[in-house]
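Shown next, in structure tokens, is the structure this report addresses.
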Amino acid sequence: MSTIDAAQPQPLTTGFRPGVVVLRIRRGNVYFLLPRLWVRGVVPLHEVVPLPRAKPWVVGLAVHDGRPLPVLDLAVCSGTAEGGHSVGVLLGAPDQASFALVISDGPGRFVSVPAVARLEKSTGWLTRIQGCAQTSWWLETARLAAEFKE
Amino acid sequence: MSDRPKSLAGFLWLRSGGHDFSLPLAGVRRVALSNQLRVAPPERGAPSWWCGVTLDDGRSHPLLNLADLMGAPASRGIGPDTVVVLASLWQLSVGLVCDRFRGIIPAGDPSWPLSPALFSTSERALPRMRLWAGRPMLDLAPEQLFSAQQRAQFDQAMKNSKVNVDQLWELSELEQQLAVEPTVTGYNDLAARYKKLGWLEEAERMQARAAQLKTEAPAMRVTAGGLSGPVNHRVLLELLQVLHLTGKSGELLLDAPGGITGAISFRVGAMVDAKSADAEDALKALRQLCAIKAGRYQFFPGVPSQTGESRLPADTTTLIAELEKQVISAP
């Protein structure tokens, strides 16, 4: 069986469990759930400077709080390519500075992970969620942060 | 006190292919416009980012299109206003071809590492970013511009360009000899050789020099007792002072790479005229000639061709003092 039972501990993830509060953001018809503790804020994206040689899901660099941060498009990463954006969600470990911005069609909403939700087998820091009404993905922020530090 | 030049701190602010970059000044020798350089064009089959080879300060520098190497939209070829940063790469001298030079970024501002995870291949990741003029900017590490394949192409292009570069060296040396002992035939022969190699601009420049020599022939004949030698802006200033203080009459001819030619006329120690290829006004021409960084001079004593009223301010001492200020403030 390729899916993992939601009731069991998730060996490759931290924080995903039914009932936990997450920020749900939308990109087109797809939703992304971000762990609440890793969301540092939502800011308007005025100017994103493209980054040459970047991966397709790296939109560029934007200035926040006096320093440049990479801007990521999870829709491209999940294979549901999207254009345009309105805001950026600041990601950062609890009590630490932000390390990236994730673009979103709007400010998003804080919701609880549905009781029936479970993750498909994880292949990276973005994992498809089964059991949600809409196509949804879980962002494993700790793993993303670790990859950025390498 | 040490005579060794201090390595400069800070960064060049460059724009290429729609991106802003900062390049550490420590590895930069100088920034030039392409029309100040003599370029051997790329050979057939060279990679698109290889723009040929230029000779500067006794060294050859392969010219590399920065935008093309970065995978950004790049303009083809080199225009007269293209900016070339002469810098070091793998302990070689190279010319990085950019769209614009935007300024100097002082050292000491904060910068942040860029994660290799952001880039399509970590091998060619850019190492750091900084903020300047309120915008994110990328620190450029020239060594990381190249993939393994591009490095191999670079080495091959270096080998292939050898013949072109050797010819350019030979012709440059001939040109320097001609600057010391100019002859119409010599310049015409040189023009023909440049033309044969496809360096049409150089050929035209030599033909123009030959034509100029023909018209200046009476003044140029008096070579006995003349002075000649290499010149830069400081040497030129000293020459002007000596010619003024010793009350000389004659013409001081200047010739620098990149088609910069000019003449300054003296009458009994007073500067009475200055001409350069691209300035009508005598004072403007004089200021331009005093910015020459490297070239040759020849002084032909005698009555200058300018025999009418002086085209320069009458007080040569004050004029030289002003030029001294210009020379001192020049980098």
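For the protein sequence lines, the chains are A and B, in the order given.
Per numbering that gives the first Met the number 0, the first sequence starts with residue 0, numbered consecutively.
Per numbering that gives the first Met the number 0, the second sequence starts with residue 0, numbered consecutively.
Don't be surprised by glycine CBs; every beta carbon is placed ideally from N, CA and C.
Bear in mind the structure is a predicted one, so any value in this text is a computation, not a measurement.
Put residue i into one of helix, strand or coil per three-state DSSP.
i: Ala61 (chain A); result: strand
i: Gly185 (chain B); result: helix
i: Ile327 (chain B); result: helix
i: Glu169 (chain B); result: helix
i: Arg43 (chain B); result: coil
i: Gln211 (chain B); result: helix
i: Pro115 (chain B); result: helix
i: Gly94 (chain B); result: strand
i: His45 (chain A); result: coil
i: Arg295 (chain B); result: strand
i: Ser135 (chain A); result: strand
i: Thr268 (chain B); result: The sequence as given places Gly at residue 268 (chain B); Thr does not occur at that position. Three-state result, Gly268 (chain B): coil.
i: Ser275 (chain B); result: strand
i: Ile319 (chain B); result: helix
i: Glu119 (chain A); result: coil
i: Leu253 (chain B); result: strand
i: Asn64 (chain B); result: strand
i: Ser50 (chain B); result: Sequence check: residue 50 (chain B) is Cys here, not Ser. Three-state DSSP puts Cys50 (chain B) in a strand.
i: Ser85 (chain A); result: coil
i: Gln129 (chain A); result: strand
i: Arg150 (chain B); result: helix
i: Leu32 (chain B); result: strand
i: Thr260 (chain B); result: strand
i: Leu73 (chain A); result: helix
Hey, how far is the Cα of residue i from the Cα of residue j?
i: Ser85 (chain A); j: Gly78 (chain A); result: 20 Å
i: Leu44 (chain A); j: Gly59 (chain A); result: 11 Å
i: Leu288 (chain B); j: Leu253 (chain B); result: 8 Å
i: Asp104 (chain A); j: Thr126 (chain A); result: 20 Å
i: Gln206 (chain B); j: Ser328 (chain B); result: 35 Å
i: Val93 (chain B); j: Leu11 (chain B); result: 16 Å
i: Pro112 (chain B); j: Ser59 (chain B); result: 34 Å
i: Ala284 (chain B); j: Leu235 (chain B); result: 14 Å
i: Val83 (chain B); j: Ile103 (chain B); result: 15 Å
i: Gly246 (chain B); j: Leu177 (chain B); result: 28 Å
i: Pro47 (chain A); j: Ala141 (chain A); result: Checking the sequence shown, residue 47 (chain A) turns out to be Val, not Pro. Straight-line Cα distance between these residues: approximately 24 Å.
i: Gly224 (chain B); j: Phe299 (chain B); result: Annotation note: pLDDT 48 at Gly224 (chain B) (below 50); position unreliable, coordinate value reported separately. Near 8 Å, if we compare the C-alpha coordinates of Phe299 (chain B) and Gly224 (chain B).
i: Leu212 (chain B); j: Pro181 (chain B); result: 8 Å
So does residue i have its beta carbon nearer than 7 Å to some heavy atom of the ligand FAD?
i: Val70 (chain A); result: Questions concerning the ligand FAD fall outside what the structure shown contains, since it holds no ligand whatsoever.
Strictly under 8 Å for the Cβ-Cβ distance: is residue i near chain B by that measure?
i: Pro43 (chain A); result: no
i: Ala53 (chain A); result: yes
i: Phe15 (chain A); result: no
i: Leu138 (chain A); result: no
i: Phe31 (chain A); result: no
i: Pro93 (chain A); result: no
i: Leu60 (chain A); result: yes
i: Leu69 (chain A); result: Residue identity differs from the one stated: residue 69 (chain A) is Pro in this sequence, not Leu. Chain B, which has a Cβ nearer than 8 Å to the Cβ of Pro69 (chain A), makes this yes.
i: Arg66 (chain A); result: yes
i: Val48 (chain A); result: yes
From the beta carbon of residue i, is the nearest beta carbon of chain A less than 8 Å away?
i: Ala134 (chain B); result: It is worth fixing the name first, because residue 134 (chain B) is Arg in this sequence and not Ala. It does; some Cβ of chain A falls within 8 Å.
i: Arg101 (chain B); result: no
i: Ser47 (chain B); result: no
i: Ala71 (chain B); result: yes
i: Ala313 (chain B); result: no
i: Ser114 (chain B); result: yes
i: His232 (chain B); result: no
i: Phe118 (chain B); result: yes
i: His60 (chain B); result: no
Between residue i and residue j, which are expected to be in contact by the criterion C-beta below 8 Å, what is the C-beta distance as a whole number of angstroms?
i: Ser171 (chain B); j: Leu54 (chain B); result: 6 Å
i: Gly16 (chain B); j: Pro72 (chain B); result: 5 Å
i: Ala276 (chain B); j: Ile259 (chain B); result: 7 Å
i: Ser135 (chain A); j: Tyr30 (chain A); result: 4 Å
i: Arg99 (chain B); j: Arg14 (chain B); result: 4 Å
Figure out for me which residue from the options has the closest Cα to the Cα of residue i.
i: Leu208 (chain B); options: B:Ala132, B:Leu189, B:Arg129; result: In the sequence as presented, Leu is not what sits at residue 208 (chain B); that position holds Arg. With distances taken between Cα atoms, Arg208 (chain B) lies closest to B:Leu189.
i: Val75 (chain A); options: A:Gln133, A:Arg108, A:Ala141, A:Ala53; result: A:Ala53
i: Glu119 (chain A); options: A:Glu139, A:Arg108, A:Gly107; result: A:Glu139
i: Leu282 (chain B); options: B:Pro312, B:Ser114, B:Pro256; result: B:Pro312
i: Ala293 (chain B); options: B:Ala269, B:Pro256, B:Arg266; result: B:Pro256
i: Asn64 (chain B); options: B:Ala273, B:Glu279, B:Pro141, B:Leu199; result: B:Pro141
i: Gly87 (chain A); options: A:Leu68, A:Ala96, A:Pro93; result: A:Leu68
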